[in-house]
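In UniProt numbering, the protein residues as written are 1 to 413.
Report on one structure; see the data block that follows.
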Amino acid sequence: MTTTAFTDIAWLTTHDPAHALPAGVDAAASGVGRHGAEVSRGLADAWLVVDSGRVAAVGTGSTPPTDQRVSLGGRSVLPGFVDSHTHMVFAGDRSAEFTARMAGQPYAAGGIATTIGATRSAMDEDLRAALAGRVAEARAAGITTLEIKSGYAATPEGESRLLRLAREVTPHTTYLGAHVVPPEHAADPAGYVSLVTGEMLDACAPLSGSVDVFCEEGAFDADQSREVLRAGMAKGLAGRVHANQLGEGPGVRLAVELGCASADHCTYLAGEDVEALAGASTVATLLPATDFSTRQAYPDGRRLVDAGATVALATNCNPGSSYTTSMSFVIALAVRDCHLTLPEAVWSATAGGARSLGVDDVGHLRVGARADMVVLDAPSPDHLAYRPGVPLIAATVVGGDVVAGDVGAGPLG
Ligand SMILES: [Zn+2]
Numbered sequence: 001m002t003t004t005a006f007t008d009i010a011w012l013t014t015h016d017p018a019h020a021l022p023a024g025v026d027a028a029a030s031g032v033g034r035h036g037a038e039v040s041r042g043l044a045d046a047w048l049v050v051d052s053g054r055v056a057a058v059g060t061g062s063t064p065p066t067d068q069r070v071s072l073g074g075r076s077v078l079p080g081f082v083d084s085h086t087h088m089v090f091a092g093d094r095s096a097e098f099t100a101r102m103a104g105q106p107y108a109a110g111g112i113a114t115t116i117g118a119t120r121s122a123m124d125e126d127l128r129a130a131l132a133g134r135v136a137e138a139r140a141a142g143i144t145t146l147e148i149k150s151g152y153a154a155t156p157e158g159e160s161r162l163l164r165l166a167r168e169v170t171p172h173t174t175y176l177g178a179h180v181v182p183p184e185h186a187a188d189p190a191g192y193v194s195l196v197t198g199e200m201l202d203a204c205a206p207l208s209g210s211v212d213v214f215c216e217e218g219a220f221d222a223d224q225s226r227e228v229l230r231a232g233m234a235k236g237l238a239g240r241v242h243a244n245q246l247g248e249g250p251g252v253r254l255a256v257e258l259g260c261a262s263a264d265h266c267t268y269l270a271g272e273d274v275e276a277l278a279g280a281s282t283v284a285t286l287l288p289a290t291d292f293s294t295r296q297a298y299p300d301g302r303r304l305v306d307a308g309a310t311v312a313l314a315t316n317c318n319p320g321s322s323y324t325t326s327m328s329f330v331i332a333l334a335v336r337d338c339h340l341t342l343p344e345a346v347w348s349a350t351a352g353g354a355r356s357l358g359v360d361d362v363g364h365l366r367v368g369a370r371a372d373m374v375v376l377d378a379p380s381p382d383h384l385a386y387r388p389g390v391p392l393i394a395a396t397v398v399g400g401d402v403v404a405g406d407v408g409a410g411p412l413g
């Protein structure tokens, strides 16, 4: 096999606990790493060797002999982003709803029905083409691992169709039959829950790694959510919950009680929710681009990290409440508005997402990891928040192959 050395890396984020904190981060003074919280670590003036799609070695000083060398000219490298929460298979456009919201209309869970209507009537090839466009956008934005949920069909055939399309682009698929009660079941929500936990689950479980439920006023209550999660988890699926997005509620505690992989949103938390997450394996996934697009309060990431919770960051890419594939934007919001430090936000957007998806060979660049990398047109990842809105992703690498951008650019100007 061909070995490739990527050299002249100003800062290589590895997440190796044996490596250094980024310059300017004083662990003792800032509280970074307290309470078991995990932060990004790495090497200055580094190189990284890829062999057979995996990280074979990292280091500083003289580079070991390899078949190929690629100078990154003083750029920085971080693990590819792991986006653990998206709804990318859909048809239609809800920009008018966004525009109305910015003009003062409140956000409510019911808008999902609009996308269900458009998605149900779309042909496979149209959904596939739209999905391919979004995946390409995500790749260019540095996302190398992607979770995709169903949830815009609300019928057994429709939900399994969305999961089949999602499986064409990622192994990380989530069954979200319990996204919203569709209009034709409005008079009988209990009957819809029976469908979600019965025939629909049977059709979707073989195509899914996780089961998810929107536990919120206007969607599913605690008992309905518990039923959905228990049924899916009994089939071997990991549990996920859309929890505490629009107000305080039972979602987070339910996720922890059932041993779910993640509780997502976590925008409105009571003290007991934070306590529950602090000692749990359940990852608290923050989706601050949603709070941006719905003009809501942001989740208090600082409080979660200080309590000892494991925090992930994801885009929640969907047409209603967060139509973005930019993890750079999510990191900038997490730093400015959720009060994570930059190294915490980088960890959460990479290793945190991997923790939520239950995968251990992505989200870091230690030896043995898949060589999934973001090459940043900046000397350090701090620039992701310091230079918001600037397209800093020079290249995205998956398994050692460049899938977007160009690593062969000249020295960083
Ligand atoms: Zn979502």
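Don't be surprised by glycine CBs; every beta carbon is placed ideally from N, CA and C.
> When we look at the beta-carbon of E216 and count the other beta-carbons within 10 Å, is it buried (16 or more) or exposed?
Replying inline: buried
> With 16 other CB atoms within 10 Å as the buried threshold, where does A261 fall?
Replying inline: buried
> Going by Cα to Cα distance, which pick from P79, L286, H179 is closest to R54?
Replying inline: Ranked by Cα distance from R54, the first of P79, L286, H179 is P79.
>> Are the CB atoms of A314 and H172 within a distance shorter than 8 Å?
In response: no
> In chain order, which continuous runs of the beta strand (DSSP E) of length 3 or greater are located wholly inside the region 56-135?
Replying inline: With a minimum length of 3 residues, the continuous beta strand (DSSP E) runs that stay inside the region 56-135 are 68-79, 81-83.
> Name the DSSP bridge partner or partners of N318?
Replying inline: S322
>> Using C-beta distances below 6 Å, list every residue in its chain close to V256, excluding the 5 sequence neighbours before and after it, in chain order.
In response: A276, A280, T282
>> According to DSSP, is G399 part of a helix, a strand, or is it coil?
In response: coil
> Considering only C-alpha positions, which residue in the set G400, V407, A395, G399 is nearest to G142?
Replying inline: A395
>> For ligand 1, is there any heavy atom lying closer than 7 Å to the beta carbon of H172?
In response: no
> Would you report the Cα separation of I331 and D264, rounded to the nearest angstrom?
Replying inline: Distance between the alpha carbons of I331 and D264 is about 16 Å.
>> Does the distance between the C-beta of residue 425 and the nearest non-hydrogen atom of ligand 1 fall short of 7 Å?
In response: Only positions 1 to 413 of the chain appear in this structure, which leaves residue 425 out of reach.
> Looking at the structure shown, is G353 part of a helix, part of a strand, or coil, going by DSSP?
Replying inline: helix
>> Between D372, A385, R302, A56, which has its C-alpha nearest residue 417's C-alpha?
In response: As displayed, the chain neither begins before 1 nor continues past 413, which places residue 417 out of reach and without an answer.
>> Taking DSSP's pairing of strands, which residues face S380 in a bridge?
In response: Beta-bridge pairing links S380 to no other residue.
> According to DSSP, is S194 helix, strand or coil?
Replying inline: helix
> What is the C-beta distance between S348 and A334, in whole angstroms, given that I count them as a contact (C-beta under 8 Å)?
Replying inline: 7 Å
> Roughly how many whole angstroms lie between the Cα atoms of A203 and V77?
Replying inline: 41 Å
>> Under DSSP, the alpha helix (DSSP H) around D372 begins and ends at which residues?
In response: Careful: D372 lies outside any alpha helix (DSSP H) and carries neither H nor E.
> Any idea if H35 is buried or exposed, counting beta-carbon neighbours within 10 angstroms, 16 or more meaning buried?
Replying inline: Its pLDDT being 48, under 50, H35 is placed unreliably by the model, and the measurement read from it follows with that caveat. H35 is exposed by the Cβ-count criterion.
>> Once DSSP output is grouped into helix, strand and coil, what is the label at T310?
In response: coil
>> Which same chain residues end up closer than 7 Å to A297 when comparing Cβ atoms and leaving out the 5 residues on each side of it in sequence?
In response: The residues are T267, D291.
>> Relative to the C-alpha of V407, which candidate in D8, E248, M1, T325 has its C-alpha closest?
In response: Answer by Cα proximity: D8.
> Should H85 be listed as close to ligand 1, given that the test is whether its C-beta is under 7 Å from any heavy atom?
Replying inline: yes
>> Taking the alpha helix (DSSP H) that A166 belongs to, which residues open and close that run?
In response: Counting along the chain, the alpha helix (DSSP H) containing A166 begins and ends at 156-167.
> I think T350 touches F81, with their Cβ atoms under 8 Å apart; what is that distance to the nearest whole Å?
Replying inline: 6 Å
> Would D382 be called buried (16 or more neighbouring beta carbons within 10 Å of its own) or exposed?
Replying inline: buried
>> So, with DSSP's three-state summary, where would you put A404?
In response: strand
> Can you pull the DSSP bridge partners for G239?
Replying inline: V211
>> My output table needs one value for R41: the three-state DSSP class, helix, strand or coil.
In response: Coil, per DSSP.
>> Quick check: what's the CA-CA separation for P299 versus D273?
In response: 12 Å
> Is the Cβ-Cβ distance between E147 and D83 less than 8 Å?
Replying inline: yes
>> Quick check: what's the CA-CA separation for A20 versus P388?
In response: 25 Å
>> Using DSSP's beta-bridge definition, name the partner residues of I143.
In response: Per DSSP, F81.
> What is the rounded straight-line gap between the Cα of residue 437 and the Cα of P288?
Replying inline: No information on residue 437 is available, as it lies outside the stretch 1 to 413 that the chain covers here.
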